[in-house]
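Chemist:
Chains as they are written, first to last, in the numbering used here: chain A, 2 to 110; chain B, 912 to 1022.
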């Protein structure tokens, strides 16, 4: 089976940098996704990593280490609108995606 | 391009009834996945359909079933509803094994 762990809650200050970690255990790893979900809305895609290293996309970056079963999402220059739940999802070779329970990020002024 | 649409958006049913939810994926997307989201359990994978075939299945009882039509539209059916089935049901479409695009969800309440 698959097991995905991420912190339940995090708080950060507007303008700061925050790192949300995700650890996973899976067989047949085929990619890791990060999604953002605002309260009452559907998740939206943020980033995708399949090879080790850092993927940068504007204020958001995501890192993957397959040997350690570890990823993080880095959010820079935090804005109030970044307050949301951030979901880590692992996909297997069979195409099945398993989501973590999500990290609720609160950005304070 | 139109996004993923789900109908109905809200539904109230009573225990023992059955329900059918519908999902229309983004045009050209052949993969449709269904998820159940509850505050306590997070996003739980139900099943995935690709080109009218169930490609993956989660760990839900047989009361939960689905199908996909030739135009990629998908339906999910839950029979003999239980109180614990109250949840937000999300549908996500994808070209294949790529990032998923989620619909707004159907909020099901079982009384």
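Note that the Cβ used here is the ideal one computed from N, Cα and C, for glycine as well.
May I ask you to report which of helix, strand or coil DSSP gives residue 102 (chain A)?
Modeler: Residue 102 (chain A) falls in the coil class under three-state DSSP.
Chemist: What does the Cβ neighbour count give for residue 926 (chain B), buried or exposed, with the cut at 16 atoms within 10 Å?
Modeler: exposed
Chemist: Just the chain B side, please: which residues come within less than 8 angstroms of residue 34 (chain A) by C-beta, in chain order?
Modeler: 1010 and 1011
Chemist: Round the Cβ separation of residue 956 (chain B) and residue 43 (chain A) to the nearest angstrom and send it over; I've been treating them as touching at under 8 angstroms.
Modeler: Their Cβ separation, rounded to whole angstroms, is 15 angstroms, which puts residue 956 (chain B) and residue 43 (chain A) out of contact at 8 angstroms.
Chemist: Compare the C-beta of residue 956 (chain B) against all C-beta atoms of chain A and say whether one is closer than 8 angstroms.
Modeler: Closer than 8 angstroms: yes.
Chemist: Does the Cβ-Cβ distance between residue 18 (chain A) and residue 77 (chain A) come in under 8 angstroms?
Modeler: yes
Chemist: Along chain B, in chain order, which residues have C-beta atoms closer than 8 angstroms to that of residue 79 (chain A)?
Modeler: Result: empty, since nearest Cβ-Cβ is about 23 angstroms, beyond 8 angstroms.
Chemist: According to DSSP, is residue 109 (chain A) part of a helix, a strand, or is it coil?
Modeler: When DSSP states are grouped into helix, strand and coil, residue 109 (chain A) belongs to the strand group.
Chemist: Using the beta-carbon of each residue, which ones in chain A are nearer than 9 angstroms to residue 922 (chain B)?
Modeler: Chain A residues near residue 922 (chain B): none, gap ~17 angstroms exceeds 9 angstroms.
Chemist: Since I believe residue 994 (chain B) is in contact with residue 946 (chain B) (beta carbons under 8 angstroms), could you give me their beta-carbon distance rounded to a whole number of angstroms?
Modeler: At roughly 19 angstroms, the Cβ-Cβ gap does not stay under 8 angstroms, so residue 946 (chain B) and residue 994 (chain B) are not in contact.
Chemist: Can you tell me which residues form a DSSP beta bridge with residue 24 (chain A)?
Modeler: Answer is A:6 and A:71.
Chemist: Confirm, please, whether the CB-CB distance from residue 50 (chain A) to residue 86 (chain A) is below 8 angstroms.
Modeler: Result no, Cβ atoms of residue 86 (chain A) and residue 50 (chain A) do not sit closer than 8 angstroms.
Chemist: List, in order along the chain, the chain B residues whose C-beta lies closer than 8 angstroms to that of residue 59 (chain A)?
Modeler: Those within 8 angstroms of residue 59 (chain A) in chain B number zero; the least Cβ separation is about 16 angstroms.
Chemist: Nearest by alpha-carbon distance to residue 27 (chain A): which of A:93, A:34, A:13 and A:75 is it?
Modeler: A:93
Chemist: Apart from the five residues just before and just after residue 987 (chain B), which ones in its own chain have a Cβ nearer than 6 angstroms to its Cβ?
Modeler: Correct list, in chain order: 932, 945 and 977.
Chemist: List in chain order: all unbroken beta strand (DSSP E) runs of 3+ residues lying wholly within the segment 922-1006 of chain B.
Modeler: 930-935, 942-949, 953-961, 964-968, 975-979, 985-989 and 998-1005
Chemist: Which of the three DSSP states is assigned to residue 58 (chain A) in this structure?
Modeler: strand
Chemist: How would you list, in chain order, the residues of chain B whose beta-carbon sits under 9 angstroms from the beta-carbon of residue 92 (chain A)?
Modeler: 1008
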